[in-house]
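Residue numbers (the numbering used here), protein chains in the order written: chain A, 1 to 380; chain B, 381 to 660.
Note that CB positions come from ideal geometry on N, CA and C, so glycine has one too.
Every value quoted in this text rests on a predicted model; they were computed, and no experiment measured them.
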């Protein structure tokens, strides 16, 4: 079987990507606009000897996902803003216990019940800082149906490699777009499996400080009998409050992401090398921005685009490089200004970064972005 | 019931001795419940490598760590949901949940209802000490009427929840209750619960001497544990409708034992049928 082309809805592509990545467990709770993912998984998982379960709420959904991952399954849940809020505690638990799992958040208008069927990008910061305490997290933000497929696979691979929760974050528009997607031959898809601890030796330390900072995981049933807790713990897995041990253990789970930024960060640029105005945009807004750049270039305005594909950890180097040479930076986003905070931090000079925001449940159009760039150029 | 007895029971074979001394207060009933669980595990001849213990938050949640098995100390109220995922992914494991009255009935009440309804093969051991002890003694859903806690300083005005009646109504296929005073009976009840195919709910009445007993003049540990017997409800005695539920109305032993399809098995059968259909 070679690769094939299929018209797919974004949420369906997410489910197919998960299955291709080796996902064999899904627990979820119905919520618009993500429910198609659960529906597809309920149909497909039994066919590949996997398990789907509809839980009683979102807390239970992520708990069941983490429980399945304890057992060795690659596991996922999918939700939208209100459900994502309810998952935050267990998201922190997965980060603290270093249990791989994937959470899809299809963003809709918020806060609260907001606009269930309208798109938004209001969860950029929640995806990074939603759970309490300093914690590692990986967030990928696909912009097309094709990319939902490939980035869902990458999210599983990153979660497994770094033993951390990974979030797939996209909005209602891409979720419900139907686009042609190239589905590669399954055998050509690179998948990562977490490192499993081997042997039954006494004194096994499930959270030992390995060279890569990612300790191998103990699979239940194979003799290691490890303890897993959300309390701060030492290398042996048991709780501690000794300051030096706590600091060391927490620093390791933060460093394991920082130290591997080169393997996690991913972004795309278009014409940033000579751009006078660089646009930084994510997801569906980046597609509008791409169109705007083409239009502006045709008019002789040197515009460029930086699109973070890994949203967190934020592509700091790529942002600095793209903003350095530009006179102005524009951050269009479907929220009141979240991405802009990160770009302002990295873009250097004060007043260099301009914002373009929509919080009305409508997408930002190429024309709006182009008009804003023309305004910035005229101001010079 | 599975009657595998290998050798005399030595609790040390099942404990992580490096964690001793344990954190429990003098007189706490949780140690007796822990011993009864491990005794049952021993008599059933379970391989501790294949035993997973999932616990929540509170005093009950902390005792899991002492068990030399695959132990998971999860989030408040959610151990049944974690255990659901683990058991579905790994049907080869024996999964026991240790939870408390606050963990299981308040913050985790919804998970209990649906775990009972689904009838997945889990054993839920709820240690009922009528109080949130770990956080300093606040009232829980099972705090008796009139009792003093740090959040009911003028006496508890709320009626208590009968966890076993809830479990039965929600569909649990095995429901039982025992007191820590009757350790061998508790062991036998837990043994029957683990051997049962389907969701088993066991409520253990466990004394909190330091945080709850002292505040309510219930005596020292010996008085509290002795009073457990006199407070059990004789067979056939039913509640007065106009009175809040009281501990002295408790029935003990196996309260419900019924055949209902085990969820994991039903799901896997349906999945196998679907795979066979797809192959055709």
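- Secondary structure remark: continuous alpha helix (DSSP H) runs of at least 4 residues inside the stretch 529-567 of chain B, in chain order: 543-550.
- In the three-state DSSP reduction, residue 377 (chain A) falls in the helix class (H, G or I).
- Residues of chain A whose Cβ lies closer than 7 Å to the Cβ of residue 463 (chain B) are, in chain order, 67.
- At least one C-beta of chain B is nearer than 8 Å to the C-beta of residue 59 (chain A).
- Our two residues, residue 310 (chain A) and residue 375 (chain A), have alpha carbons roughly 30 Å apart in a direct line.
- If the five residues before and after residue 380 (chain A) are omitted, its C-beta is found closer than 6 Å to no C-beta atom of its own chain.
- Close to chain A, meaning a Cβ-Cβ distance shorter than 7 Å, are the following residues of the stretch 480-514 of chain B: 490, 491, 494.
- Within chain A, the residues 67, 68, 70, 71 have their CB atoms less than 7 Å from the CB of residue 466 (chain B), given in chain order.
- DSSP places residue 441 (chain B) within a helical segment (H, G or I) once states are collapsed to three.
- Sequence-ordered contacts of the stretch 581-607 of chain B with chain A are nonexistent [C-beta pairs closer than 9 Å].
- Contact annotation, residue 37 (chain A) with residue 82 (chain A): C-beta distance approximately 16 Å; criterion of less than 8 Å not satisfied.
- Not a single CB atom of chain A sits nearer than 8 Å to the CB of residue 393 (chain B).
- Under DSSP, residue 583 (chain B) forms a beta bridge with B:506, B:557.
- Not one beta carbon of chain A lies nearer than 8 Å to the beta carbon of residue 609 (chain B).
- DSSP lists A:79, A:169 as the beta-bridge partner residues of residue 105 (chain A).
- Secondary structure in the stretch 228-271 of chain A: the alpha helix (DSSP H) runs of 4 residues or longer, each lying completely within the stretch, are 243-258, 261-264 in chain order.
- Cβ neighbours of residue 27 (chain A) within its own chain (closer than 7 Å, five residues either side excluded): 53, 55, 61, 64, 65, 77.
- Residue pairing by DSSP places residue 633 (chain B) opposite B:557 in a beta bridge.
- With respect to the 8 Å criterion, residue 461 (chain B) and residue 41 (chain A) are not classified as neighbours on the basis of their beta carbons.
- By the beta-carbon neighbour count (other beta carbons within 10 angstroms, threshold 16), residue 126 (chain A) is buried.
- Closest by C-alpha distance to residue 109 (chain A), out of A:102, A:222, A:17, A:118, is A:118.
- Residue pairing by DSSP leaves residue 525 (chain B) without any beta bridge partner.
- Positions of the beta strand (DSSP E) runs, each at least 3 residues long and wholly inside the stretch 456-518 of chain B, are given as 474-480, 503-508 in order along the chain.
- A direct Cα-to-Cα measurement between residue 636 (chain B) and residue 554 (chain B) gives close to 5 Å.
- Annotation for residue 152 (chain A): no beta strand (DSSP E) segment contains it, though the alpha helix (DSSP H) segment containing it runs 145-162.
- Spanning the alpha carbons of residue 5 (chain A) and residue 144 (chain A) requires a straight line of approximately 15 Å.
- Distances from the alpha-carbon of residue 258 (chain A) to those of A:121, A:137, A:14, A:100 put A:137 closest.
- Contact between residue 429 (chain B) and residue 223 (chain A) holds: their C-beta atoms lie close to 5 Å from each other, under 8 Å.
- Not one beta carbon of chain A lies nearer than 8 Å to the beta carbon of residue 390 (chain B).
- When beta bridges are read from the DSSP output, residue 135 (chain A) appears opposite no residue.
- As computed with DSSP, residue 27 (chain A) is found in a beta bridge with A:53.
- Within the DSSP secondary-structure output, residue 74 (chain A) pairs in a beta bridge with A:23.
- Only those residues of the stretch 538-555 of chain B whose C-beta falls short of 7 Å from the nearest C-beta of chain A would be listed, and there are none.
- Residue 448 (chain B) has a beta carbon lying within less than 8 Å of a beta carbon in chain A.
- For residue 453 (chain B), the nearest CB of chain A lies under 8 Å from its own CB, placing it at the interface with that chain.
- With a threshold of 8 Å between beta carbons, residue 93 (chain A) makes contact with chain B.
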